[in-house]
Amino acid sequence: MSAAAQITLTVVALGITFWVVRLVGLRRLRSKYALLWLVITVPLVPLAVFPAIVDEAGEFLGVNYAPALLFSLSSLLLLGIVIHYSWELSRLESRTRRLGEEIALLNARLDDAERADDGEGES
Amino acid sequence: MSAVAVIPAYNEQASLGGVLAEIAEIDGLVPVVVDDGSSDGTAAVARNAGVACVRLPFNLGVGGAVRTGLRWALDHDADRVVIVDADGQHDPADVAALLGAIDAGAGLAIGSRFAADAGDYAVGGTRRRAMRILNRLVRMTTGFAATDATSGFRAMSRPVVEYLAREYPVEYLADTVEVIILVRRAGHEVVEVPVSMRERSGGEPSARRFRLVFNFLRLLVGIAGGVLVGRRDGGRS
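Protein chains in written order, with the numbering used here: chain A, 4 to 126; chain B, 2 to 238.
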């Protein structure tokens with residue numbers, strides 16, 4: 004890897020890290036999702052500074068083409084994140100459904116209470 | 002002058018009744034139970050005791066329940082709020098001391114198990130070490146020498162309630178530790194009051210050990226974000 008590529012990757016990884024943490028501070032991002040992204044960006048920094056880590060890890064695991072190891076790992080990680088999002092989405096969906104039901108039931112109870120009040124006034 | 006006792010409760014039907022009976026003994030304290038999506042008779046216990054009960058449609062966690070309670074307190078013109086666990090761990094006899102600290106000018110008073118003249122309270126090894134690290138974290142970021150940063154037994158003044166009703170971090174650990182940092186940075190005084198905590202009289206401990214690391218890292222990210230933004234804003238801290 005060329006020096007320029009190393010520097011670019013380091014800057015990008017650090018930049019994303021900084022940006023994610025800042026979003027948490029501004030309360031635009033919940034810290035649990037920030038943690039998810041930091042798990043990816045933080046290890047990128049040593050990898051960018053010492054690219055030999057990838058080659059050595061590949062050799063250790065018996066992978067012929069070391070970058071393939073990196074690609075498969077990152078695909079796996081992204082797959083994990085997407086599945087996690089589906090899970091979160093499902094939870095959110097069932098919660099909004101529950102909220103809708105809750106509001107409808109509250110409206111019904113309010114109507115009943117108002118009708119009961121009117122009834123008392125007339126008699 | 003009225004103080005509200007916010008009692009977050011998640012499946013605490015076994016212990017809630019006893020806690021409410023003890024709180025009813027305290028003059029001028031209005032209790033409100035926040036039923037955090039319980040599947041047991043928690044809400045019925047509150048209703049039978051004639052206590053206001055806010056029922057959340059699903060479980061929001063202690064932080065979410067406390068924030069709901071703070072908003073209820075604001076709606077009912079509370080000038081001070083004390084948070085008391087429904088599991089019987091917090092001794093209502095200490096409520097007076099916590100509210101007293103608020104009357105003496107503090108914004109946030111934390112009931113500490115480990116302050117110099119507090120009663121005995123035993124915690125296991127991992128938990129104890131985690132608590133020490135969290136206390137140190139608070140001291141490093143704010144200079145406040147906390148001895149029990151994760152204690153949920155707290156009282157707060159009206160301005161702090163107003164602030165936290167908007168800003169309360171709902172995540173576990175953040176709802177106790179980060180709150181101290183936020184309140185200090187917002188310019189309020191934070192003090193500790195020695196309290197004696199009892200064994201839980203019912204319910205399950207809310208945090209499992211294997212989640213501790215995740216919760217801790219999440220807290221660090223949250224605090225780091227606050228520090229980063231605070232520094233850039235300059236004037237906010």
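We treat Cβ as the ideally placed atom computed from N, Cα and C, and that holds for glycine.
* Asked: Can you check whether the CB of Leu21(B) is closer than 8 Å to the CB of Ala4(B)?
  -> no
* Ala131(B) and Glu193(B): beta carbons closer than 8 Å? -> Contact: no.
* Closer than 8 Å to chain B by CB, Val52(A) -> no
* Check whether the Cβ atoms of Val171(B) and Gly70(B) lie closer than 8 Å to each other. => no
* Since Asp86(B) contacts Gly153(B) with CB under 8 Å, what's their CB separation in whole angstroms? -> The Cβ separation is near 6 Å, so the contact holds.
* Using 8 Å as the Cβ pair cut-off and three pairs as the minimum, do the region 183-193 of chain B and the region 53-60 of chain A touch? -> Counting Cβ pairs under 8 Å, fewer than three are found: no touch.
* Asked: Which term fits His91(B), buried or exposed, when burial requires 16 or more other beta carbons within 10 angstroms of its beta carbon?
  -> Sixteen is the threshold: when 16 or more other Cβ atoms of the shown chains lie within 10 Å of the Cβ of His91(B), as they do, the residue is buried.
* So who's on the other strand from Pro58(B), going by DSSP bridges? -> For Pro58(B), which the question treats as bridged, DSSP gives no partner whatsoever.
* So what's Glu193(B) in DSSP terms, helix, strand or just coil? -> strand
* Residues that Ala25(B) bridges to, as DSSP identifies them -> Note: Ala25(B) sits in no beta bridge, so no partner.
* Measure the alpha-carbon distance for Asn60(B) versus Gly65(A) and round it to whole angstroms. => Near 47 Å, if we compare the C-alpha coordinates of Gly65(A) and Asn60(B).
* **Whole-Å CB distance - Val180(B) paired with Val27(A), under 8 Å assumed** => Incorrect: roughly 16 Å between the Cβ atoms, too far for contact.
* Could you list the residues in the region 172-199 of chain B with a C-beta less than 8 Å from some C-beta on chain A, going in chain order? => Glu172 and Ala175
* Starting from Leu109(B) and walking both ways along the beta strand (DSSP E), at which residues does that stretch end? -> Leu109 to Ser113
* Sequence-distant residues of its chain with Cβ nearer than 7 Å to Leu17(A) (five each side left out) -> Val48
* To do: Kindly indicate the opening and closing residues of the beta strand (DSSP E) around Arg25(A).
  => No beta strand (DSSP E) contains Arg25(A), which is instead part of the alpha helix (DSSP H) from Ala6 to Gly28.
* In chain A, what lies closer than 8 Å to Phe267(B) by C-beta? -> No information on residue 267(B) is available, as it lies outside the stretch 2 to 238 that chain B covers here.
* Among Leu218(B), Gly227(B) and Ala156(B), which has the Cα closest to the Cα of Gly112(B)? -> Ala156(B)
* **Under the three-state DSSP convention, the category Met157(B) falls into** => It is a strand residue.
* With 8 Å as the threshold, decide whether the Cβ of Ser93(A) is near any Cβ in chain B. => Judged by the 8 Å Cβ criterion, Ser93(A) is not in contact with chain B.
* Counting contacts by CB-CB distance shorter than 8 Å, is Arg219(B) in contact with chain A? -> yes
* Arg25(A) touches chain B at which residues, Cβ-Cβ below 9 Å? -> Gly226, Leu229, Val230 and Arg233
* Just the Cα atoms here: how many angstroms apart are Val7(B) and Ala175(B)? -> 18 Å
* For chain A, is any of its Cβ atoms less than 8 Å away from the one on Val222(B)? -> yes
* Among Val230(B), Met198(B) and Ala166(B), which one has its Cα closest to the Cα of Arg186(B)? -> In this structure, Val230(B) is the residue among Val230(B), Met198(B) and Ala166(B) with its C-alpha nearest to the C-alpha of Arg186(B).
* Asp234(B) versus Arg140(B): straight-line alpha-carbon distance, rounded -> Any reading at Asp234(B) needs caution, since the residue's pLDDT is 43, under 50, leaving its predicted position unreliable; the model's value is listed next. Each residue's alpha carbon lies about 22 Å from the other.
* To do: Can you tell me which of the three DSSP states Ala147(B) falls into?
  => Reduced to three states, the DSSP call for Ala147(B) is coil.
* Asked: So, is Phe63(A) buried or exposed, given that buried needs 16 or more other C-beta atoms within 10 angstroms?
  -> exposed
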